[in-house]
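Number of protein chains: 4
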Amino acid sequence: MSLQDTSTSEETTEMGELVYIDGPKDLEFREYPVPSPEPHAVVTEVVRTNVCGSELHVWRGDHPLSDCVLGHEAICRVSDLGEKVTTDSAGQPISEGDLVAPVYFQTCQHCEFCRRGEFYRCENDYEHAGKSPEIWPHFHAPWGTHYYIYPNQHFYKLPEELLETPSLAAAANCALSQVKFGLDRTGIDYNDTVVVQGAGGLGLNATAYANERGAETIVIEGVDQRIERAQEFGADHVIDFREHESADARADKVHALTDGVGADVAVEVAGVPEAFNEGIELLRTGGRYLEMGNVRPGHTIDFDPGKLVRKSIDVTTAVEYDPWVLYESLEFLANTKDEYPYEKLLDAEYDLVDVEEALERSEQRDLTRATLVPHSH
Amino acid sequence: MSLQDTSTSEETTEMGELVYIDGPKDLEFREYPVPSPEPHAVVTEVVRTNVCGSELHVWRGDHPLSDCVLGHEAICRVSDLGEKVTTDSAGQPISEGDLVAPVYFQTCQHCEFCRRGEFYRCENDYEHAGKSPEIWPHFHAPWGTHYYIYPNQHFYKLPEELLETPSLAAAANCALSQVKFGLDRTGIDYNDTVVVQGAGGLGLNATAYANERGAETIVIEGVDQRIERAQEFGADHVIDFREHESADARADKVHALTDGVGADVAVEVAGVPEAFNEGIELLRTGGRYLEMGNVRPGHTIDFDPGKLVRKSIDVTTAVEYDPWVLYESLEFLANTKDEYPYEKLLDAEYDLVDVEEALERSEQRDLTRATLVPHSH
Amino acid sequence: MSLQDTSTSEETTEMGELVYIDGPKDLEFREYPVPSPEPHAVVTEVVRTNVCGSELHVWRGDHPLSDCVLGHEAICRVSDLGEKVTTDSAGQPISEGDLVAPVYFQTCQHCEFCRRGEFYRCENDYEHAGKSPEIWPHFHAPWGTHYYIYPNQHFYKLPEELLETPSLAAAANCALSQVKFGLDRTGIDYNDTVVVQGAGGLGLNATAYANERGAETIVIEGVDQRIERAQEFGADHVIDFREHESADARADKVHALTDGVGADVAVEVAGVPEAFNEGIELLRTGGRYLEMGNVRPGHTIDFDPGKLVRKSIDVTTAVEYDPWVLYESLEFLANTKDEYPYEKLLDAEYDLVDVEEALERSEQRDLTRATLVPHSH
Amino acid sequence: MSLQDTSTSEETTEMGELVYIDGPKDLEFREYPVPSPEPHAVVTEVVRTNVCGSELHVWRGDHPLSDCVLGHEAICRVSDLGEKVTTDSAGQPISEGDLVAPVYFQTCQHCEFCRRGEFYRCENDYEHAGKSPEIWPHFHAPWGTHYYIYPNQHFYKLPEELLETPSLAAAANCALSQVKFGLDRTGIDYNDTVVVQGAGGLGLNATAYANERGAETIVIEGVDQRIERAQEFGADHVIDFREHESADARADKVHALTDGVGADVAVEVAGVPEAFNEGIELLRTGGRYLEMGNVRPGHTIDFDPGKLVRKSIDVTTAVEYDPWVLYESLEFLANTKDEYPYEKLLDAEYDLVDVEEALERSEQRDLTRATLVPHSH
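Protein chains in written order, with our numbering: chain X, 1 to 377; chain D, 1001 to 1377; chain R, 2001 to 2377; chain F, 3001 to 3377.
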């Protein structure tokens, strides 16, 4: 670990630092010259960046990624605008010094899906994320002092309401955007009953968004602190699965709360395969199911297709999102920041130099979600 | 069996006959007075009526239904129009003597779903089907000389193009309408690749309909005669599962036929739970799956929700249909009767007096689908 | 006028009274026996009923309707449930004594549109409204002590939250349901900018509903009291057309409020044909226009179809609604009654005996909207 | 005019020629070096290119465009693939020598609309079209021997079925793609009645496409040859407006053809503002109107918004298309080339050297649509 002694940079070239991973739990601070942006690209200074589950996976070595820069969610300050960049990706005027949220993946613009405007399916969206920092422009991921926004990468100016609390905005990138994309595909009518299976980050954001669209929300959870959060994030009802131990009991409870009918919409964000079968029981005949928590193949359940058919249930899935959803999520945060305690979703702040401590405590679940602040900013 | 000797009716009252079931394989012809229709109801003479799988179930005793009249698909001739009936359910003028196709179920108009116009979910749609013929108006189902169309039951005049071949029209009621309803919910864009899992009645109709909407169709089947039918019903490609024995091999073949991409739409009409998993393999990323063959709960498979999510696949189901879909299906038949050999879907015709022979030969699979013609017509 | 002396009814038959119109400004109270309900019908006592613009038209003689009972919006108390009525039209259990909101029109269930579940287009929806009270069951409209809900007429139990303030619920029937139906057809995405042209009853309800769906709302109005109301009903911005006198100036203001882009959605509820052209200017390229205020044909404007095409604008219209929208509107009111001052939409209450005074003062615009309470309740 | 004497090019650099316009009816052949493609770009040889109405406008001087290369629709042969180009825009493998159809506009990928995948609204889509050929890469438009496909420009390989008749494919670019985009937005259900107002290029393509989606088609036209074409392109009925002279008479005829109901969908491709009002009369209550012929603002009609509302008609517009629609159009042509006489849409072929004659005869309407073939190919 070399951060403390990265003292000098050449007079003519500004240097920055980044967190490099060379194998399981093998991190290193490395120093590179801050690049000049290509046309349509933007160079930024990182203001804050989060520790998300995916970084834990890579750090632990559960994930093949290595020999690269870490991080994906961040809020950055524009330091160098590439030629032709006059607005952010939503058409809002942009200047040096502005705070922005970059989408954590790119759109290649040349694969079959990008060519059809279906950016959420881009086949090359992680093209830059796994690159070695030896390759220019070095700052491919945001755990560092700087971050490079590529020409085809979307980024959005922070709404004014969020300028004082940029840490909130960092949270929009992953969970909130994913949830908003999924729920918009599923469709929420006013006064729909939406049952959310699990009150983790995805579940809390889903509860708040469904609430703001006019739904009645039911959250299923079994941990005290998460139940409390669910209530703070707009749950009209919480079903505690310590009290309602079986899937049948929980389904009965949902039916009791809906005049015996069942929920209009269920959202699987528990991330356990068994939740899929339970969701079908929670829904009414003709209900809509958003399955988005089970993102890793390889775990099977006993499933009865005939039951799905008999109940006329449709299933929607969501695994990535269209990049402009981040813009909409930032607006959502700006509009609702006084209604929901988003700040509680981030419960620890570390100087970037203490990244290993942040990872270890996250690993031990001593904290929910940590944010990292580069020391020199 | 008493049909031959149902000789007399009172002078002033016309009598009709119907096929009554009193237990497994226990049929009887019974005679009742032909009723006069209530307002909005219609009394008809049955022109032809089919032997469908559901009648076989009831006859065998696999189904709790008993002490009732048999039959559900029929073409009838209007003999007595109830007060206020001037048009069919599509607003077409109707007169005595017209040939009509009645929807085989009713809409109660008073359940929560009917009240919302979601007739395909009516909670009382089989209210009359299981009644004893002792209850007025006796002719609750169409295996008989007469059939009573209730005030809230939809019925449609046969298009002129089908008047010479009413047997074709009888087929619209069940398979074609169900398939059209399902595919319209799923959505077929022009030039979508649609893979149909199974070339039974549902599958052949699905192939024809997808073809007429401009899709490229692939049918998976393993029986020579059905493969031939699939080709006659518009399949652009057939995958013979005797040649491609594993699900993987069939998925490979579908990918080979779609430039490595996979199908846009898959339609499960095989009616075996395992087909559900195979369908997911046949689809492209972002594909749409219509699951409609597995209509009976109780059979489970090993299913991996994470795979569904990773491929961003949405699932639509269909188990009943909105009654006006029958009107659309009749139009479809009228428009395409020279393109597809619908007549081959019905390969045997019996006088109604020979109903037991028709059932026994259907049971032994000596024929695909029989039609019954009441003797006196 | 005979209300005060309607003293006796036969011992065995309860009598009720109703407001009969025999020609322009020629009202009369008439007395009829309270009917017993047919199966599926409901007899009610009127709790309150509103004076709406359409009653003023009929009273003045601007409308051909005469020789009939007046009124259309009402809240009633169930006094006699017809055979087979165990729930309201949403499936909620119903008993004598319950407060209900009946939909002001019926669905005939037999026209082509009802047969397709498109109840909002029923061809016979006013079949009963114009009948003479001489025809049984007499109480065809709700200005009276009783009101008859026909077998095919939808009615909904008042949500518990509204039981204390049934006058609020009366307002749901007309303006709110119409607006909700229109906006749901148009579609409102979270954070859409919705501009509402006019802050009358439709406009205020549209503003509240758009607000609850997460839109940013702009209202255009020119009357002080209505501007104040718009703000109370959730308008984020009001454009006063006394300050922005030309359509161009108002369009400039909308563009200024939307970073130069224009509104995503515009809602025409001004009821003047010229507003249609202005709406097109207010919208962004690709915007959606809900035209619902101009309900009477016969007034033309100079319109440029090429401008509509060049701006890629789609137009949706709404003139009636599906009856179940009333249920959703009641839920909306129940959910939001503490957020918006619905009580201000009704600013006068009269005993039903004073109906003529209520009409005269409404005519003179001394009040916005009056509610009538039958004297004996 | 200098084409014949463009004899020499330097040994090391291939030269090409293009049609340059310097003012009204002032054309010139100019010679430039054939460029080498940037990464993601493609250099092509023009195989054929059409004379479309827009070229006539520019040539006449009705359009501000000047000092640029002419042309927009073309079929080209790939001569030089830029780095990274391995597939066309649909993901199909591409090689030198392949025939391709380039979309005639580009997507900038950086405006607000491109960033949202709404490519049909790109704000810079004609960025290159009006450039002087003095600016590299010179061949900005396809009237020439070569054409440069920009990195962000979509292009599609010709389906095998069209390789023998590339002239057909040239037609897909403009009319067919525009019509398909519009009709897909409007939605055509199976058996919808679609009335097409005008049998020009847009109208004939609309008729064929609606026909292939299963619609019943009615075309309104008044010129013998166009009526004949309409029948060849799948019109089920033609209304000759020389026989049905008034809009009312034509509306009566449409109602007569639809059991008194009116059309489900109307398509305005007449390009005269008055057609908009007529279309409303042709539609049924609740019909859908696609307005796409009036592309130039500035001409107004007397329009009655109340009539639109009373008939519950929704209006969709279409003025550009998403670039991948060209791919779908090519597939449509490939599938239906034996059913409709597309070749009749192009009734004259000229060597590119005779471009002025082609323009003059097009101007005099001696021909419908000419195609130009560069002499040296």
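For each residue, glycine too, the CB sits at the ideal point set by N, CA and C.
query, result
"Taking 8 Å as the threshold (beta carbon to beta carbon), is glutamate 112 of chain X in contact with chain F?", "yes"
"Which one of R/Arg2115, R/Val2046 and R/Trp2136 has the shortest CA to CA distance from histidine 2146 of chain R?", "R/Val2046"
"Run through DSSP, which three-state label would valine 309 of chain X get?", "helix"
"On a Cα-Cα basis, can you pick out the residue from F/Glu3083, F/Glu3243, F/Val3078 and F/Ile3135 that is closest to glutamate 3096 of chain F?", "F/Val3078"
"With 9 Å as the limit, tell me which residues of the region 1289 to 1303 of chain D have their beta carbon closer than that to any beta carbon of chain X; keep them in chain order.", "Tyr1289, Glu1291, Met1292, Gly1293, Asn1294, Val1295, Arg1296, Pro1297, Gly1298, His1299, Thr1300, Ile1301, Asp1302 and Phe1303"
"Express the C-alpha separation of tyrosine 3148 of chain F and aspartate 3080 of chain F in angstroms, rounding to a whole number.", "10 Å"
"Is histidine 3072 of chain F closer than 8 Å to tyrosine 3104 of chain F when the C-beta atoms are compared?", "yes"
"By the criterion of Cβ-Cβ separation under 8 Å, what are the contact partners of leucine 1000 of chain D in chain X?", "The question about residue 1000 of chain D has no answer here: the residues shown for chain D are numbered 1001 through 1377."
"Once the 5 residues before and after lysine 3344 of chain F are set aside, which same chain residues still bring their CB inside 7 Å of it?", "Arg3229"
"Measuring only the C-alpha atoms, how far is lysine 3311 of chain F from tyrosine 156 of chain X?", "43 Å"
"What whole-angstrom Cβ distance do alanine 3210 of chain F and serine 3329 of chain F have, given they're in contact under 8 Å?", "14 Å between Cβ atoms; not a contact."
"Compute the distance between the beta-carbons of glutamine 3197 of chain F and valine 3267 of chain F, then report whether it is under 8 Å.", "yes"
"Give me the Cα-Cα distance between glutamine 2153 of chain R and threonine 2107 of chain R, rounded to the nearest whole angstrom.", "6 Å"
"Check for me: the alpha helix (DSSP H) holding proline 3166 of chain F runs from which residue to which?", "3166 to 3170"
"Evaluate contact between the region 1201 to 1208 of chain D and the region 1350 to 1365 of chain D, counting only Cβ atoms and requiring at least three cross-stretch pairs below 8 Å.", "no"
"Excluding the 5 residues preceding and the 5 following histidine 244 of chain X in the sequence, name in chain order all residues of the same chain whose CB lies nearer than 8 Å to its CB.", "Arg250, Asp252 and Lys253"
"Under a CB-based cut-off of 8 Å, is proline 1991 of chain R close to chain F?", "Here chain R has residues from 2001 to 2377 only, and residue 1991 of chain R is not among them."
"By how many angstroms is the C-alpha of alanine 3275 of chain F removed from the C-alpha of glycine 2279 of chain R?", "22 Å"
"To which residues does DSSP link glutamate 2221 of chain R through a beta bridge?", "R/Asp2240"
"For the region 2081 to 2105 of chain R, which residues have a beta carbon sitting closer than 8 Å to at least one beta carbon of chain X?", "Gly2091 and Gln2092"
"Short of 8 Å in beta carbon distance, which residues of its chain neighbour glutamine 2004 of chain R, apart from the five on each side in sequence? Order them along the chain.", "A caution first: glutamine 2004 of chain R carries a pLDDT of 38, below 50, which makes its placement in the model unreliable, though a value can still be read off. Val2353."
"From glycine 3061 of chain F to arginine 3030 of chain F, what distance separates their C-alpha atoms?", "20 Å"
"Does DSSP classify tyrosine 1340 of chain D as helix, strand or coil?", "coil"
"I'd like to confirm the pairing. Which residues does DSSP put opposite tyrosine 2289 of chain R in its beta bridges?", "R/Ala2266 and R/Val2315"
"Is it the case that the Cβ atoms of aspartate 1314 of chain D and valine 315 of chain X are separated by a distance below 8 Å?", "yes"
"Just to check my reading of the structure: isoleucine 1227 of chain D and aspartate 1236 of chain D have Cβ atoms closer than 8 Å, yes? What is that Cβ distance to the nearest angstrom?", "Between aspartate 1236 of chain D and isoleucine 1227 of chain D the Cβ distance is about 13 Å, and since that is not below 8 Å, they are no contact."
"What residue range does the beta strand (DSSP E) around asparagine 2050 of chain R cover?", "2042 to 2050"
"Per DSSP, what kind of secondary structure is threonine 1013 of chain D in: helix, strand or coil?", "coil"
"Assuming valine 3373 of chain F and arginine 3121 of chain F form a contact by the criterion Cβ under 8 Å, report the distance between their Cβ atoms to the nearest whole angstrom.", "So it is not a contact: roughly 34 Å between Cβ atoms."
"What does glutamate 3212 of chain F reach in chain D if we use C-beta pairs closer than 8 Å?", "Tyr1190 and Gly1214"
"Nearest CA to the CA of valine 3223 of chain F: which residue from F/Glu3216, F/Gln3231 and F/Thr3217?", "F/Gln3231"
"Looking at chain R, is there any beta carbon in it that lies within less than 8 Å of the beta carbon of histidine 1154 of chain D?", "yes"
"Secondary structure at cysteine 2111 of chain R, three-state DSSP: helix, strand or coil?", "coil"
"Exposed or buried, which one is arginine 2242 of chain R when buried takes at least 16 other CB atoms within 10 Å?", "exposed"
"Rounded to the nearest angstrom, what separates alanine 263 of chain X and glycine 187 of chain X at their Cα positions?", "14 Å"
"Excluding five sequence neighbours on each side, which residues of the same chain lie with their C-beta closer than 6 Å to the C-beta of glutamine 178 of chain X?", "Tyr321"
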